[in-house]
Amino acid sequence: MARSEVARSEVARSEVARSEGDGPGSRVATMPFAAAMSEHPLTAHAVGEVTGAVLERIGDRPDFATVFVTPPHAGALEDVMRTVEEVLHPLVSVGCAAESVLGPHREVEQGAAVTLFAGHVGPLVPLELDAVPSESGDGLVLRGWPATIPFNPEALVLVGDPYSFPTESFLNWVDTNHPGLRVVGGMASAARGPGGNRLALGTRVRTGGAVGAFLGPGAEVATLVSQGCRPFGDPLVVTKAEHNFLYELAGRPALEQVVAQARDSLSEEEVVLLESGGLHLGRVIDEHRDHFGRGDFLVRNVVGADRSSGAIAVGDAMAVGTTVQFHLRDAATADEDLHALVTARRADAALVFTCNGRGTRLFGEPHHDVRVLTEHLGAVPMAGFFAAGELGPVGGRNFVHGFTASVALLSDRSTTPPRGPDDGQGVRFSP
23 MARSEVARSE VARSEVARSE GDGPGSRVAT MPFAAAMSEH PLTAHAVGEV
73 TGAVLERIGD RPDFATVFVT PPHAGALEDV MRTVEEVLHP LVSVGCAAES
123 VLGPHREVEQ GAAVTLFAGH VGPLVPLELD AVPSESGDGL VLRGWPATIP
173 FNPEALVLVG DPYSFPTESF LNWVDTNHPG LRVVGGMASA ARGPGGNRLA
223 LGTRVRTGGA VGAFLGPGAE VATLVSQGCR PFGDPLVVTK AEHNFLYELA
273 GRPALEQVVA QARDSLSEEE VVLLESGGLH LGRVIDEHRD HFGRGDFLVR
323 NVVGADRSSG AIAVGDAMAV GTTVQFHLRD AATADEDLHA LVTARRADAA
373 LVFTCNGRGT RLFGEPHHDV RVLTEHLGAV PMAGFFAAGE LGPVGGRNFV
423 HGFTASVALL SDRSTTPPRG PDDGQGVRFS P
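In structure tokens:
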């Protein structure tokens with residue numbers, strides 16, 4: 023059988039249509055988003071399939087395009103981006119290489135694939151960031167942030183390199199200096215060490231920093247972050263801690279609290295899941311709330327324990343006085359959490375940044391996140407990749423997550439206000 027016969031290309035577009043005018047001469051226009059994915063092993067063939075499919079759906083000159091490729095195509099990312107530019111002529115295109123990608127109806131793990139999303143989203147501003155040491159040596163300088171943005175951004179879509187870009191510090195800086203700006207995206211996952219990842223802004227390909235785009239008011243953006251965990255036991259206050267080591271919770275050794283709360287709240291089967299890596303700790307984001315539920319915690323992995331001291335180690339610093347609660351993560355909980363977050367949501371398209379620890383590694387079967395989103399949203403255009411850290415807002419603040427699915431839901435507003443230029447300058451922020 024020929025290669026072209028076994029290669030699969032999938033396309034989706036919004037099934038929602040709007041009527042423009044009534045009576046004779048009126049026409050129906052589909053929503054301005056499209057996505058396609060090809061699993062052809064030859065890069066030129068794969069990018070030809072996806073660009074041709076998207077061009078057929080929405081025409082050329084979309085405002086925004088994203089392109090994600092797996093390692094077999096990473097070495098030709100320049101050629102992929104050049105083809106997208108020459109065929110579609112997007113105003114801004116952002117791309118990267120990732121270990122696995124997703125597109126309409128399916129996820130491709132550990133195989134050759136190119137996935138493309140494009141849409142008419144109205145005004146936007148491209149972004150190309152680097153964090154470099156300041157001349158005084160007392161911090162970092164963020165280069166590439168625009169001096170002005172000529173609109174109130176709906177969101178910032180960002181793709182970064184986890185080895186060279188201080189994402190947590192950057193997100194803290196955004197929350198402080200641009201409160202309310204939502205950052206959604208992921209960290210490139212194709213490399214196993216510094217210098218191995220590939221990011222692209224248009225036809226410029228780089229191995230570090232971050233690239234992205236501010237999305238303006240032309241498309242409505244809603245975000246959701248599925249952390250895939252559920253709390254058990256009771257909220258506890260950190261009473262003794264050092265960096266990411268928790269020694270006491272509510273005046274008792276932290277490890278003792280884990281055992282007690284698990285014994286009182288979980289079944290024997292759930293305790294087994296805790297012992298096999300399912301134990302997490304949620305830090306309350308807003309301490310002023312009386313009750314805590316889904317979305318009120320920033321969940322971090324419990325990475326170790328010391329029986330002699332009774333301490334546990336967590337994948338984040340926890341200050342004394344912080345309210346925390348233990349969480350359980352497993353496939354069933356992660357499935358329920360994503361279903362709950364997307365139920366009753368509506369969107370015309372979705373950009374999906376899921377953890378490289380999800381997929382078949384967590385659920386034991388392929389296409390889980392795409393399947394759940396499609397079940398609730400319908401067959402809307404969808405694309406994304408498996409990230410080495412997912413970016414998304416929880417409780418009104420932006421964070422880097424692990425084991426999550428961070429999703430930008432796009433809805434058409436049918437507006438096209440004037441677009442503004444990029445005007446990047448250097449600004450200081452603390453690491």
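All residue numbers for the sequence shown refer to my numbering, where the first residue is 23 and numbers rise by one. Backbone N, C-alpha and C define an ideal beta-carbon position, used for all residues, glycine too. These figures come from a predicted structure and were not determined experimentally.
For Asp197, the uninterrupted alpha helix (DSSP H) segment begins and ends at 189-199.
At a Cβ-Cβ threshold of 8 Å, Arg252 and Thr355 count as neighbours. In the structure shown, Leu146 adopts extended strand secondary structure according to DSSP, grouped into three states. Residue ranges of uninterrupted beta strand (DSSP E) with 3 or more members, entirely inside the segment 213-270 and ordered along the chain, are 221-223, 226-228, 232-237, 241-248, 251-253, 258-264.
When C-beta atoms of the segment 209-225 are compared with those of the segment 400-410, three or more pairs fall below 8 Å, so the two segments count as touching.
Of the candidates Ser60, Arg393, Gly424, Gly424 places its Cα closest to the Cα of Gln249. Taken in chain order, the whole alpha helix (DSSP H) runs of length 4 or more contained in the segment 41-120 are 65-80, 93-96, 99-110. With respect to the 8 Å criterion, Leu110 and Gly238 are not classified as neighbours on the basis of their beta carbons. When Cβ pairs closer than 8 Å are counted between the two stretches, the segment 136-144 is seen to touch the segment 86-100, the count reaching three or more. Note that the segment 217-229 touches the segment 183-199; at least 3 beta-carbon pairs, one per stretch, sit closer than 8 Å. For Ser115, the number of other beta carbons within 10 angstroms of its own is at least 16, and it is reported as buried.
By the neighbour-count definition (other C-beta atoms within 10 Å, threshold 16), Thr345 is a buried residue.
With contacts defined by Cβ atoms closer than 8 Å, Ala56 and Ile80 form a contacting pair.
About 5 Å separates the CB atoms of Ala235 and Val179; that is less than 8 Å, so the two are in contact. In the displayed model, Gln347 falls within a strand according to three-state DSSP. The beta carbon of Val342 lies closer than 6 Å to those of Val260, Ala263 in the same chain, with the five residues before and after it left out. By the Cβ neighbour-count rule, Asn378 is buried, with 16 or more other Cβ atoms within 10 Å of its own. By the Cβ rule, the segment 273-280 does not count as touching the segment 381-392, because fewer than three pairs are nearer than 8 Å. Within the model, the alpha-carbon separation for Leu193 versus Gly117 is close to 20 Å. Less than 8 Å separates the beta-carbon of Gly231 from that of Leu151. In this structure, Thr65 places its C-beta atom within 8 Å of the C-beta atom of Ala98. Separation of Asp359 and Phe319 (C-alpha to C-alpha, rounded to the nearest whole angstrom) is 13 Å. Residues Gly414, Val416, Thr426, Ser428 of the same chain have their beta carbon placed closer than 6 Å to that of Val247, with the five preceding and five following residues left out of the count. Apart from sequence neighbours up to five positions away, the residues of its chain that approach Leu203 with a beta-carbon distance below 7 Å are Pro175, Leu178, Val196, ordered along the chain.
Here DSSP, grouped into helix, strand and coil, assigns His313 to coil.
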